[in-house]
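Line order of the protein sequences matches chains A and B.
FYI, in the numbering used here the residues of the first sequence are 1 to 171.
FYI, in the numbering used here the residues of the second sequence are 1001 to 1679.
C-beta: ideal position from N, C-alpha, C; glycine also.
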Amino acid sequence: MAEAMPHAALTKDAPVAAAWEPRIVAFLCYWCSYTGADAAGTARLKYPPNVDVIRVMCSGRIDPELVTAALAKGADGVMVCGCHIGDCHYIAGNHKTMARMPLVARALAQLGIAPGRFVHEWVSAAEGDKFAALVDRVTRQVRRLGPLDWPRRMRERGVPGGRGLSPWSEP
Amino acid sequence: MVHPGPAPADPLPPHPPRIGVFVCRCGGNISDVVDVERVAAEAARMPGVVLAAAYPFVCSDPGQALIEEKIRGLALERVVVAACSPTLHQTTFRRTIDRAGLNQYLFEHVNVREQVSWVVEDEEAATRKASRLVRAAAARAAHLVPLDKRRIPIQPSALVIGGGVAGLVAARDLARRGMKVTLVENRPFLGGRMAQLHTLFPTGDNARDLLAALIQETVREPRVRILTGAHVIGTEGVVGDFRTRLRLEPRGVDEHLTYPGNAIAACPEETINEFDFALSRRKAIYHAYPGCYPPMPAIDWRSCTRCGKCLAAVGGKGIDLKSEPREIELHTGVIVLATGYDPYEPLYGEYGYGIFPQVLTLQQLIRLLDPEGPSGGHLAGNGKGPGRVAFIHCVGARQVDGVNVPGPDGKVKEYCARTCCTGALHAALELKARYPEARITSFYQDIRTYGRFHEEYYERAAEKGVLFVKYDPKHPPRVERDSRDQSPLVVRAKDMLTGGLELEAPADLVVLATGVVPHDISELISMYRCAVGYDSFLLEVHPKLRPVELAVSGVFLAGCCQGPMDITEACAAASAAASKAAAMIAQGRVEMDPFVSRVDESLCTGCQTCLTVCPYEAVTRDQARRVSRVSEALCTGCGTCVASCPSNAIQQFGFTDAQVISEVDTLLAPEPAPEPVPA
Chain A
1 MAEAMPHAAL TKDAPVAAAW EPRIVAFLCY WCSYTGADAA GTARLKYPPN VDVIRVMCSG
61 RIDPELVTAA LAKGADGVMV CGCHIGDCHY IAGNHKTMAR MPLVARALAQ LGIAPGRFVH
121 EWVSAAEGDK FAALVDRVTR QVRRLGPLDW PRRMRERGVP GGRGLSPWSE P
Chain B
1001 MVHPGPAPAD PLPPHPPRIG VFVCRCGGNI SDVVDVERVA AEAARMPGVV LAAAYPFVCS
1061 DPGQALIEEK IRGLALERVV VAACSPTLHQ TTFRRTIDRA GLNQYLFEHV NVREQVSWVV
1121 EDEEAATRKA SRLVRAAAAR AAHLVPLDKR RIPIQPSALV IGGGVAGLVA ARDLARRGMK
1181 VTLVENRPFL GGRMAQLHTL FPTGDNARDL LAALIQETVR EPRVRILTGA HVIGTEGVVG
1241 DFRTRLRLEP RGVDEHLTYP GNAIAACPEE TINEFDFALS RRKAIYHAYP GCYPPMPAID
1301 WRSCTRCGKC LAAVGGKGID LKSEPREIEL HTGVIVLATG YDPYEPLYGE YGYGIFPQVL
1361 TLQQLIRLLD PEGPSGGHLA GNGKGPGRVA FIHCVGARQV DGVNVPGPDG KVKEYCARTC
1421 CTGALHAALE LKARYPEARI TSFYQDIRTY GRFHEEYYER AAEKGVLFVK YDPKHPPRVE
1481 RDSRDQSPLV VRAKDMLTGG LELEAPADLV VLATGVVPHD ISELISMYRC AVGYDSFLLE
1541 VHPKLRPVEL AVSGVFLAGC CQGPMDITEA CAAASAAASK AAAMIAQGRV EMDPFVSRVD
1601 ESLCTGCQTC LTVCPYEAVT RDQARRVSRV SEALCTGCGT CVASCPSNAI QQFGFTDAQV
1661 ISEVDTLLAP EPAPEPVPA
């Protein structure tokens, strides 16, 4: 039964609680995107509380495994933000991000994870409004997709500790 | 060293370290939205947390004193502060805990103001978000290890690249502060572009007189070493110890040459004299200009045929036609770039340039007005001078995309070259003084005599009868042959101040006030990884607050390599660069964050992926051990190699996988149950 889990069965197994709120983890580079997120705050822009920020020095540090780890540990969505191309504090760290993230998106798609759960965007230190709008958009689209609940799915498939990658399909 | 021992692996200490959590109210900025007491109470239940409490202003003196007191009193081993953005106070709190005797990197800063209380409206949601972030920081804090700032000693020496006025000023100022200075110039003579000018605005001084005085001041400084004909061909190292490789072109002449005039006269080879912008010719053994420094002539090896006639003319001494270039390596603590500019060279046919001999650039006119120039200061052989002169401003400056022809980089030069308005008016006044009969028309976009005492040139030119015609940059003036043969040329333009009326000015001479482009230093740019602006000039760290520093630590900017400047501004920039460089050297060392990467050799498979991704070439291969190694001095701490390593053999101090994953784990862990309400 666990082999092919149609979406209907899934929602039946795990009814979405009324109080469910998406959990989204955002990896932000310190020099541009984190400062851009600060700029949104300084401008007192309001955005949903669902995105929790983890700061790294450069988006080039964002290992694809950090993205999958966040999903495997219960995140419903992951955001990756870095400096625009040409603005990298470390010359070209974000060039590696630019190369890696489409591969991450493709790998997640192959795992059956809906594309809207993983978002990669450039946010400059001045783009507080862009950051706020991005959080708003990503929160709404992940909310529409519903809970990912990877740990439970893995448990049900007999993967110990809810870790590991096994394909299944999300609509 | 950042941290003794191997790459930062995971293992948590056997006992969770004693953590203190301080939640800032920020005078209501945070506590009006976030229930700080609840955040502290929930943090208190994290492993290892021995203290968690909220305070009005943690960054205040009493707040910091409290942290120090608690570190000592409770033997805290880690400190978490939840407050504003780390960009504001992370350094403050690191210093605080350093004063209390705790390693400053055993600190976690949580941003609950800019990224929570100021952006989340709902108080319950904001409190829960703050609580998640604080608990994640407490979990991360348990994984922190003590780190030391990297301290790189700085040699008290400087390399100044470029022997024009900016480089000379920077070298002189640095030497007077006690630094050993090497000034390198790739041409055989010092002086740069300033030597090609005649009199200077706004003082009227003779350019080469001023320059000669400055050169004497500089070369007489005992700590200054001058290398001419020197090309930077390679660089290694970082601030504190830049190792620069230079190729020294031989001068071909030494101090034993007694009658240089005889040698020059004997030389049969002639070539275009670039000093006079091709208005004259010079020999293959030559002096750049009267009174040049070094005073010995130099041999231009591209035109010299090594025929030996010069050698015969001076009795066989003082000239060496067999000398070869040699390479040397220099070690300096800092570098000042003073590579200067080139005047914009108009395209063939641009305003008739290259087609009509009567079309000159402003630089050429200045050479012709110079009594030491190619024509002895006379514009026309008959002594009557030019009858009618048209100046066209903004040639190769303030260009319009779609109207002007883009340069080889595909861009038009949109920026103002800043010096040519006053320079052109200065030359126009000079013409009027020499040839009062000359009738001068000036075609301009805007007259930008922006500097102190520059506007007077505009006023004086108007008083002396210079006519000003404001042209539309979308329809620049046209220089054509005069069909009525009244004068050789005619300049036609739409006059914006008479509603676009087509005006024409017959001209015996057309002067193009050409703009300023950076001297081609593409090799230096890639060597030092300099940031370059849209206008192709070098880009400072911050135009207002750090105007003479490059983003590469220890490299400073002086003069026109950074943008068009007049001599006043170039000298000010050079002195500022020298001051900044000297201040850095005076520290004796530079301090850098310790967030470097380190390779765990036991895990490294030697695939060398990390070598390909490092933007700083900080990763090298240890051939003997077949593993990668990161240079702590070169690593800037981006962590790109960490993410690229397929064996997880590289970790970055301060951002280890364990630290980041502990954050992820805690953020996604079930939220704490509400506190039982006390009965």
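Near residue i, which residues of its chain fall below 6 Å by C-beta distance, leaving aside the five closest residues on each side in sequence?
{"i": "S1442(B)", "result": "F1391, V1466, F1468"}
{"i": "L1337(B)", "result": "I1161, L1557, C1561"}
{"i": "C1292(B)", "result": "F1189"}
{"i": "P15(A)", "result": "In this prediction, P15(A) scores a pLDDT of 47, lower than 50, which makes its location untrustworthy; no coordinate-derived value is stated."}
{"i": "G1528(B)", "result": "In the sequence as displayed, the identity of residue 1528(B) is Tyr instead of Gly. Taken in chain order, the residues that qualify are V1552, V1555."}
{"i": "Y1616(B)", "result": "L1634, T1636"}
{"i": "C1394(B)", "result": "Q1445"}
{"i": "A1505(B)", "result": "A1390, T1441, V1491"}
{"i": "V1039(B)", "result": "V1023, A1130, S1131, V1134"}
Given residue i, which residues of its chain have a CB within under 8 Å of its CB, disregarding the five upstream and five downstream residues?
{"i": "P1004(B)", "result": "none"}
{"i": "L1369(B)", "result": "H1198, G1377, L1379, A1427, E1430, L1431, R1434"}
{"i": "P1488(B)", "result": "F1356, Q1358, R1481, D1482, A1507, D1508"}
{"i": "D1205(B)", "result": "T1199"}
{"i": "R1094(B)", "result": "Q1104, Y1105, F1107"}
Going by alpha carbons, who is nearest to residue i out of the options?
{"i": "P1408(B)", "options": "R1038(B), M1565(B), G1396(B), K1070(B)", "result": "G1396(B)"}
{"i": "E1456(B)", "options": "A1438(B), V1642(B), C1024(B), F1201(B)", "result": "F1201(B)"}
{"i": "P1386(B)", "options": "A1141(B), R1439(B), A1266(B)", "result": "R1439(B)"}
{"i": "I24(A)", "options": "G112(A), G74(A), Q110(A)", "result": "G74(A)"}
{"i": "H1475(B)", "options": "T1271(B), D1401(B), L1174(B)", "result": "D1401(B)"}
{"i": "C1059(B)", "options": "V1079(B), C1024(B), L1074(B)", "result": "C1024(B)"}
{"i": "D38(A)", "options": "P1086(B), L1168(B), C1607(B)", "result": "P1086(B)"}
{"i": "L108(A)", "options": "V56(A), W150(A), G36(A), A26(A)", "result": "W150(A)"}
{"i": "L1425(B)", "options": "A1417(B), K1413(B), E1459(B)", "result": "E1459(B)"}
{"i": "V1021(B)", "options": "Y1353(B), L1066(B), G1167(B)", "result": "L1066(B)"}
Go through its chain and collect everything with a Cβ distance to residue i's Cβ below 7 Å, but skip five positions before and after it.
{"i": "L1539(B)", "result": "A1531, V1532, G1533"}
{"i": "R1135(B)", "result": "E1042, A1043, M1046, T1666"}
{"i": "V104(A)", "result": "P64, V67, F118"}
{"i": "T1690(B)", "result": "Residue 1690(B) is absent from the structure shown; chain B starts at 1001 and stops at 1679."}
{"i": "D1472(B)", "result": "K1494, M1496"}
{"i": "Q1399(B)", "result": "V1412, K1413, E1414"}
State the CB to CB distance for the pair residue i and residue j, rounded to an integer number of angstroms; the pair is presumed to be in contact (CB under 8 Å).
{"i": "R117(A)", "j": "L134(A)", "result": "At roughly 14 Å, the Cβ-Cβ gap does not stay under 8 Å, so R117(A) and L134(A) are not in contact."}
{"i": "G1559(B)", "j": "A1576(B)", "result": "Contact flag wrong, Cβ pair sits at about 11 Å."}
{"i": "W31(A)", "j": "A125(A)", "result": "7 Å"}
{"i": "A1195(B)", "j": "Y1289(B)", "result": "5 Å"}
{"i": "A1313(B)", "j": "A1284(B)", "result": "A1313(B) to A1284(B), Cβ: 13 Å. No contact."}
{"i": "E1269(B)", "j": "T1305(B)", "result": "6 Å"}
{"i": "C58(A)", "j": "T1640(B)", "result": "6 Å"}
{"i": "S1644(B)", "j": "C1610(B)", "result": "6 Å"}
{"i": "P1017(B)", "j": "R1078(B)", "result": "5 Å"}
For residue i, report the span of its alpha helix (DSSP H) as first-last.
{"i": "R1095(B)", "result": "1086-1099"}
{"i": "D1520(B)", "result": "Per DSSP, D1520(B) belongs to no alpha helix (DSSP H) and is neither H nor E."}
{"i": "K1433(B)", "result": "Residue identity differs from the one stated: residue 1433(B) is Ala in this sequence, not Lys. Taken as a continuous stretch (DSSP letters only), the alpha helix (DSSP H) holding A1433(B) covers 1420-1434."}
{"i": "C1024(B)", "result": "Where C1024(B) is concerned, there is no enclosing alpha helix (DSSP H), although the beta strand (DSSP E) it sits in stretches over 1019-1024."}
{"i": "H95(A)", "result": "93-110"}
{"i": "K1544(B)", "result": "Note, K1544(B): premise wrong, no alpha helix (DSSP H); not H, not E."}
{"i": "Y1458(B)", "result": "1455-1463"}
Go to residue i, then tell me how far its beta strand (DSSP E) extends in each direction, as first and last residue.
{"i": "G1410(B)", "result": "Run containing G1410(B): none; DSSP gives neither H nor E here."}
{"i": "C81(A)", "result": "77-82"}
{"i": "W31(A)", "result": "Counting along the chain, W31(A) falls outside any beta strand (DSSP E), and DSSP gives it neither H nor E."}
{"i": "N1111(B)", "result": "1107-1111"}
{"i": "K1283(B)", "result": "1281-1283"}
{"i": "Y1444(B)", "result": "1439-1444"}
{"i": "S1483(B)", "result": "Note, S1483(B): premise wrong, no beta strand (DSSP E); not H, not E."}
{"i": "D1622(B)", "result": "1619-1622"}
Cβ-heavy atom distance between residue i and the ligand ADP below 6 Å?
{"i": "H1519(B)", "result": "In the structure shown, the ligand ADP is absent, as is every other ligand, since no ligand is present at all."}
* If you pair each beta-carbon of the segment 56-65 of chain A with each one of the segment 81-94 of chain A, do three or more pairs fall below 8 Å? -> yes
* Report yes or no: do three or more beta-carbon pairs, one from the segment 1204-1211 of chain B and one from the segment 1612-1632 of chain B, lie closer than 8 Å? => no
* Given 8 Å as the limit, is there contact between the segment 1177-1193 of chain B and the segment 1221-1239 of chain B, that is, 3 or more CB pairs closer than that? -> yes
* To do: State whether the segment 1511-1520 of chain B contacts the segment 1344-1351 of chain B, with contact taken as three or more CB pairs (one from each stretch) at a distance under 8 Å.
  => yes
* **Contact between the segment 1148-1165 of chain B and the segment 1309-1326 of chain B (3+ Cβ pairs under 8 Å)** => no
* Say whether the segment 1603-1611 of chain B touches the segment 1641-1661 of chain B, bearing in mind that this needs 3 or more beta-carbon pairs closer than 8 Å, one atom from each stretch. => yes
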